[in-house]
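Right, one structure below, let's go through it.
In this note's numbering, the protein residues as written are 3 to 67.
If you want it as structure tokens, here you go:
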């Protein structure tokens, strides 16, 4: 996926991967690919949450001034 995922889309895909892993019917190769994709999705979610927190803090600081 070359386009940027939204937080919601990344989180939903991450949930799907977790569900698939919990079912335990994947080969080692498929599991490896799923774990790598999950890692990317976690980074996307973390970045978006951090950015949102910084934006909110900036807005709150502006309101205090």
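Glycine is no exception: its CB is placed at the ideal position from the N, C-alpha and C atoms.
Fair warning: this is a prediction, and the values are worked out from it, not measured in the lab.
Counting along the chain, residue 50 sits inside the alpha helix (DSSP H) bounded by residues 30-66. Judged by their CB atoms, residue 36 and residue 48 are not nearer to each other than the 8 Å cut-off. With contacts defined by Cβ atoms closer than 8 Å, residue 39 and residue 19 form a contacting pair. Taking 8 Å as the cut-off, the Cβ atoms of residue 43 and residue 6 do not count as close.
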